[in-house]
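Below is one structure, written out as C-alpha cells; the observations come after it.
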Amino acid sequence: MDSRYFFSSIQCTGMEKKVRDFQSPKMGLLSHHQFQDRTSQFVFLDILHQETGAIGVDHSLCFSTKSHVQIISCCREWLLLSTLPSKKRDPKYHVFNPLEMVSFTLPPPLIAGKIIASGLGFDDKHRYHVVLFHLAAGAAGAAGFLELEIFTSKAGEWRRYDNPINVSPLFPALEDRKAPTVTNKVLTWLNQRLGIKRHGRCLKEVVGPVFSNGAIYSVINGQMLAYRLEDGGCELIKLPNSDSIRTYQHSLWESGGRLQYSYCDDMGIHTWDLLNKEDHDLILNYNIYDQQRFRWRLAYSIDQEKLGLGKWQPYLTCPVAFIDDLQTMYLQLPGAVISYNTRTQVMKRVCTIKSGGRNSIFPFSYAGLGNQKVASRPREVVPVNLPIALVEQTFCFE
Numbered sequence: 001m002d003s004r005y006f007f008s009s010i011q012c013t014g015m016e017k018k019v020r021d022f023q024s025p026k027m028g029l030l031s032h033h034q035f036q037d038r039t040s041q042f043v044f045l046d047i048l049h050q051e052t053g054a055i056g057v058d059h060s061l062c063f064s065t066k067s068h069v070q071i072i073s074c075c076r077e078w079l080l081l082s083t084l085p086s087k088k089r090d091p092k093y094h095v096f097n098p099l100e101m102v103s104f105t106l107p108p109p110l111i112a113g114k115i116i117a118s119g120l121g122f123d124d125k126h127r128y129h130v131v132l133f134h135l136a137a138g139a140a141g142a143a144g145f146l147e148l149e150i151f152t153s154k155a156g157e158w159r160r161y162d163n164p165i166n167v168s169p170l171f172p173a174l175e176d177r178k179a180p181t182v183t184n185k186v187l188t189w190l191n192q193r194l195g196i197k198r199h200g201r202c203l204k205e206v207v208g209p210v211f212s213n214g215a216i217y218s219v220i221n222g223q224m225l226a227y228r229l230e231d232g233g234c235e236l237i238k239l240p241n242s243d244s245i246r247t248y249q250h251s252l253w254e255s256g257g258r259l260q261y262s263y264c265d266d267m268g269i270h271t272w273d274l275l276n277k278e279d280h281d282l283i284l285n286y287n288i289y290d291q292q293r294f295r296w297r298l299a300y301s302i303d304q305e306k307l308g309l310g311k312w313q314p315y316l317t318c319p320v321a322f323i324d325d326l327q328t329m330y331l332q333l334p335g336a337v338i339s340y341n342t343r344t345q346v347m348k349r350v351c352t353i354k355s356g357g358r359n360s361i362f363p364f365s366y367a368g369l370g371n372q373k374v375a376s377r378p379r380e381v382v383p384v385n386l387p388i389a390l391v392e393q394t395f396c397f398e
C-alpha cells in the first residue's frame with residue numbers, strides 16, 4: 001500500500017468520528033506551562049460556576065512532556081503543536097487530540113522560508129488543514145511576500161499556495177509608525193508570556209491563529225489575514241482599531257459561533273465581532289454601505305475603572321478567552337488569571353501562576369460532552385495554582 005495513502009486515511013478515520021460529535025461543546029481553558037528545563041505541562045481547566053467563572057482542574061486530561069513543545073493553535077478539541085528536536089534541526093508539526101492522546105506527526109514542509117504564522121482548521125468533510133505562512137524577503141532586504149503551504153489529511157502531503165501575497169500592507173515602514181513606549185521590564189514579561197519582540201519603536205507580533213466559520217485568521221503587524229479552506233482564497237481585513245496608536249495587548253478567539261477580536265487601550269478592553277454573511281444581509285435590508293470597509297461590530301467595552309485593578313496597565317493585561325454562555329471574559333496578568341462577568345461586573349481571581357518558566361492560557365472546547373453544566377449557586381472561589389503539583393500522564397512527541 002502507498003505509505004502516503006495509509007498516513008492520510010488513518011488520520012481521517014479517527015478525526016471524522018470525533019468532529020461529527022462536536023455539537024454542544026463544553027467550553028474551558030487550557031494552561032500550557034513551559035519550564036526552564038524545556039519540559040512542558042498541559043493543564044485542562046473546567047468552568048465550575050456561572051457567576052464568578054471559577055475553574056477547576058480536570059486531572060484526567062492533564063499531561064506533561066519531557067521535550068520542548070509549543071502550542072500553535074487550538075481547533076475544536078484538537079491542538080496544532082510544534083516540537084524542536086534540537087537547535088540545529090527544523091521544528092516538527094503535530095496534530096494532537098488530548099482526549100484520545102493521539103498524535104499525528106506531519107512530514108517536513110516543502111518551503112524553507114521563515115514561518116511567521118500557522119494554523120489548524122477543519123473543512124465540511126471533517127478533514128483537517130494545516131496552513132503555514134512563510135515570509136520571503138524582497139530585494140535589498142525590503143518586505144517581499146508571503147508564501148502559503150497547506151497540508152490536508154485528505155492528500156497526506158504539503159502543497160504550495162498558487163498566489164504569493166504581497167506583504168507591504170503587513171509590514172509598513174516601522175520607523176514611521178507611532179507606538180506606545182514600554183519599559184524593558186514590561187518587554188521582558190511580554191517576551192516570556194507572548195513571544196513579543198521589540199523592533200525599532202514598535203511591538204512586532206503575530207496574534208492567533210483562530211479557526212472560525214471555515215477560515216483561519218491571524219493578526220500580523222496590525223492587519224488580519226484570513227485563509228478560507230473551501231476555496232483556498234486569502235484576504236486582508238482591516239482591524240477596527242487599525243487607526244489607533246494606543247493599542248496594547250490584543251487577542252483573537254471564537255465565541256458564540258463568531259470570530260472576536262479583543263484589545264486593551266488606555267480606556268479599557270474592547271471586543272468586536274467580525275460580521276458574517278447573515279449580518280451583512282440583515283444590515284443591507286435597512287442601509288446601503290460598503291461591505292468591504294465595514295467588517296466589524298462592537299460587541300462590548302469594559303471600562304478600566306470597572307475592573308478594579310488599581311492603576312490600569314493595559315500592556316500587562318491580556319484578554320485570553322470569552323465564554324459566551326456565561327458572558328465571562330478571562331484575562332491573564334503577570335502571576336494571575338482573572339474572570340470578569342460582563343453582565344454582573346463580578347471579577348474574581350481564578351488562577352495563580354507561579355514564577356519560573358512561561359505560561360499561556362488558551363480557550364479550549366471539549367467535543368461531544370453535551371451542554372455545559374455549571375453551578376448557579378454561589379460558592380467559594382479557590383484559585384487554581386499553576387503549574388499543578390502532580391501530573392500522572394506523560395506524552396512523548398517524536
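Heads up: the sequence shown begins at 1 in UniProt numbering, then just goes up one per residue. Built from N, CA and C at the ideal position, the CB exists for glycine as well. Quantities reported herein were computed from a predicted structural model and do not represent experimental measurements.
Which whole-angstrom value describes the C-beta separation of serine 360 and histidine 32, a residue pair presumed to lie in contact below a C-beta threshold of 8 Å? As a first step, residue 360 must be located in the sequence shown, where it is residue number 360. As a first step, residue 32 must be located in the sequence shown, where it is residue number 32. The beta carbons of serine 360 and histidine 32 sit about 5 Å from each other, so the pair counts as a contact at 8 Å.
Using 8 Å as the Cβ pair cut-off and three pairs as the minimum, do the region 123-131 and the region 141-161 touch? Contact between the region 123-131 and the region 141-161 is established, with three or more Cβ pairs separated by less than 8 Å.
The beta strand (DSSP E) enclosing lysine 348, as first and last residue numbers: Counting from 1 along the sequence shown, the entry for residue 348 is found at position 348. Segment 347-353, the beta strand (DSSP E) holding lysine 348.
Alpha carbon to alpha carbon, how far is threonine 344 from serine 255? Position 344 of the sequence shown holds residue 344. Position 255 of the sequence shown holds residue 255. The C-alpha of threonine 344 lies about 19 Å from the C-alpha of serine 255.
Taking the beta strand (DSSP E) that leucine 298 falls in, what are its first and last residues? The residue you call residue 298 lines up with position 298 of the sequence shown. Per DSSP, leucine 298 belongs to the beta strand (DSSP E) from 296-303.
Where does glutamate 392 fall in DSSP's three states? As a first step, residue 392 must be located in the sequence shown, where it is residue number 392. Coil at glutamate 392, not helix or strand.
Neighbourhood of proline 240 by C-beta, 6 Å cutoff - its chain only, sequence neighbours within 5 removed: As a first step, residue 240 is located in the sequence shown; it is residue number 240 there, counting from the start. The answer, listed in chain order, is Trp272, Trp296.
Across which residues does DSSP place cysteine 234 in a beta bridge pair? One-based indexing of the sequence shown puts residue 234 at position 234. According to DSSP, cysteine 234 bridges with Tyr227.
Per DSSP, which one or two residues make a beta bridge with serine 64? Along the sequence shown, one-based indexing puts residue 64 at 64. In the DSSP output, where bridge partners are listed per residue, serine 64 has Gln41, Thr394.
Suppose the cutoff is 8 Å on Cβ atoms and the five residues either side in sequence are ignored; what does the same chain contact list for arginine 38 look like? Locating residue 38 in the sequence shown gives position 38, where the first residue counts as 1. Correct list, in chain order: Ser67, His68.
Please state whether DSSP places aspartate 273 in a helix, a strand or coil. Within the sequence shown, numbered from 1, the residue matching residue 273 stands at position 273. Aspartate 273 carries a strand assignment under DSSP once its states are collapsed to helix, strand and coil.
From this set, Leu61, His250, Leu307, Phe104, which residue's C-alpha is nearest valine 346's C-alpha? Stepping through the sequence shown from its first residue, residue 346 is reached at position 346. Put simply, of Leu61, His250, Leu307, Phe104 the residue whose alpha carbon is nearest the alpha carbon of valine 346 is Leu307.
For isoleucine 132, does the three-state DSSP call read helix, strand or coil? Within the sequence shown, residue 132 is the residue found at index 132, counting from 1. As written in the sequence, residue 132 is leucine, which differs from the isoleucine given in the question. Three-state DSSP puts leucine 132 in a strand.
Do you know offhand how far proline 98's Cα is from aspartate 123's? As a working note, residue 98 is residue 98 in the sequence shown. As a working note, residue 123 is residue 123 in the sequence shown. Their backbone Cα atoms lie some 21 Å apart in a straight line.
When the Cα atoms are used, what is the spatial distance from leucine 390 to isoleucine 220? Taking the first residue of the sequence shown as 1, we reach residue 390 at position 390. Taking the first residue of the sequence shown as 1, we reach residue 220 at position 220. Between leucine 390 and isoleucine 220, the C-alpha separation is close to 37 Å.
Nearest-angstrom Cα separation, counted from phenylalanine 42 out to glycine 356: Taking the first residue of the sequence shown as position 1, residue 356 is located at position 356. Taking the first residue of the sequence shown as position 1, residue 42 is located at position 42. When the Cα atoms are used, glycine 356 and phenylalanine 42 turn out to be separated by approximately 16 Å.
Phenylalanine 22 - DSSP class collapsed to helix/strand/coil: As a position in the sequence shown, residue 22 is number 22, starting the count at 1. Because phenylalanine 22 sits at a pLDDT of 49, beneath the cut-off of 50, its placement in the model cannot be relied upon, and the following sentence gives the value as read from the coordinates. The answer is coil: DSSP assigns phenylalanine 22 none of H, G, I, E or B.
Are there 16 or more other CB atoms within 10 angstroms of the CB of valine 382, so buried, or fewer, so exposed? On the sequence shown, residue 382 is found 382 positions in, with the first residue counted as 1. Exposed, since its Cβ has fewer than 16 Cβ neighbours within 10 Å.
Measure the Cβ-Cβ separation of arginine 358 and glutamine 34 and say whether it is below 8 Å. Stepping through the sequence shown from its first residue, residue 358 is reached at position 358. Stepping through the sequence shown from its first residue, residue 34 is reached at position 34. Yes; because the gap between Cβ atoms is below 8 Å, this pair is in contact.
As assigned by DSSP and simplified to three states, the class of aspartate 46: Taking the sequence shown and counting its residues from 1, the one referred to as residue 46 is at position 46. DSSP places aspartate 46 in strand when its eight states are reduced to three.
I need the straight-line Cα distance from lysine 92 to tyrosine 315, nearest angstrom please. The count along the sequence shown starts at 1 and reaches residue 92 at position 92. The count along the sequence shown starts at 1 and reaches residue 315 at position 315. Cα to Cα, lysine 92 sits roughly 32 Å from tyrosine 315.
Mind checking whether arginine 228 and glycine 208 have CB atoms under 8 Å apart? Your numbering for residue 228 matches position 228 in the sequence shown. Your numbering for residue 208 matches position 208 in the sequence shown. The answer is no: Cβ separation not under 8 Å.
Ignore the nearest five residues each way along the sequence and tell me which others in tryptophan 253's own chain have a CB closer than 7 Å to its CB. Stepping through the sequence shown from its first residue, residue 253 is reached at position 253. Within the same chain, Cβ atoms closer than 7 Å to the Cβ of tryptophan 253 are found at Val210, Gln260, Ala321, Phe322, Pro363, the five residues on either side in sequence being excluded.
Comparing alpha-carbon positions, which option in Gln223, Arg246, Ser242, Asp243 lies nearest glutamate 235? Walking along the sequence shown from the start, residue 235 turns up at place 235. Out of Gln223, Arg246, Ser242, Asp243, Gln223 has the C-alpha closest to the C-alpha of glutamate 235.
Nearest CA to the CA of threonine 52: which residue from Ser64, Ser365, Asn341? For the purposes of this step, residue 52 is taken as residue 52 along the sequence shown, with counting starting at 1. When only C-alpha atoms are compared, the closest one is Asn341.
Taking the DSSP output, what are the residues bridged to glutamate 149? The residue you call residue 149 lines up with position 149 of the sequence shown. The secondary-structure analysis by DSSP pairs glutamate 149 across a beta bridge with Leu132, Arg160.
Can you list, in chain order, the residues of its chain whose CB lies under 6 Å from that of glutamine 304, leaving out five sequence neighbours each side? Here the question's residue 304 lines up with position 304 in the sequence shown. Closer than 6 Å at the Cβ level, and outside the excluded window around glutamine 304, lie Gly268, Trp312.
What is the C-beta distance between leucine 61 and alanine 54, in whole angstroms, given that I count them as a contact (C-beta under 8 Å)? The sequence position of residue 61 within the sequence shown is 61, counting from 1. The sequence position of residue 54 within the sequence shown is 54, counting from 1. Wrong, their Cβ atoms sit about 18 Å apart, outside the cutoff.
Need the endpoints of the beta strand (DSSP E) that residue 401 sits in, please. Residue 401 cannot be examined here, being either before or after the span of the chain that is shown, 1 to 398.
C-alpha gap between asparagine 276 and serine 251, whole angstroms: By one-based count along the sequence shown, residue 276 stands at place 276. By one-based count along the sequence shown, residue 251 stands at place 251. Rounded to the nearest whole angstrom, the CA to CA distance from asparagine 276 to serine 251 is 19 Å.
Backbone secondary structure at proline 363 - three-state DSSP: Your numbering for residue 363 matches position 363 in the sequence shown. Proline 363 carries a strand assignment under DSSP once its states are collapsed to helix, strand and coil.
Compute the distance between the beta-carbons of leucine 386 and lysine 348, then report whether it is under 8 Å. Start at 1 with the first residue of the sequence shown, and residue 386 comes out as number 386. Start at 1 with the first residue of the sequence shown, and residue 348 comes out as number 348. Taking a C-beta distance under 8 Å as the contact criterion, leucine 386 and lysine 348 do not qualify as a contact pair.
Spatial neighbours of alanine 136 within its chain, please: CB distance less than 6 Å, with the 5 preceding and 5 following residues excluded, ordered by chain position. Numbered from 1 along the sequence shown, position 136 holds the residue referred to as residue 136. So the qualifying residues of the chain are Gly113, Gly144, Phe145, Glu147.
My assumption, with CB atoms under 8 Å, is that histidine 134 sits in contact with phenylalanine 397. Please give the rounded CB distance. Residue numbering aside, residue 134 sits at position 134 when the sequence shown is read from its first letter. Residue numbering aside, residue 397 sits at position 397 when the sequence shown is read from its first letter. The pair is not a contact, with the Cβ atoms about 23 Å apart (cut-off 8 Å).
How far does the beta strand (DSSP E) with isoleucine 116 in it extend, from its first residue to its last? Taking the sequence shown and counting its residues from 1, one reaches residue 116 at position 116. Isoleucine 116 -> beta strand (DSSP E) spans 114-122.
Could you check which residue in Gly121, Leu298, Tyr263, Phe96 has the C-alpha nearest to that of leucine 274? In the sequence shown, the residue the question calls residue 274 occupies position 274. Minimum Cα distance to leucine 274 is reached at Leu298.
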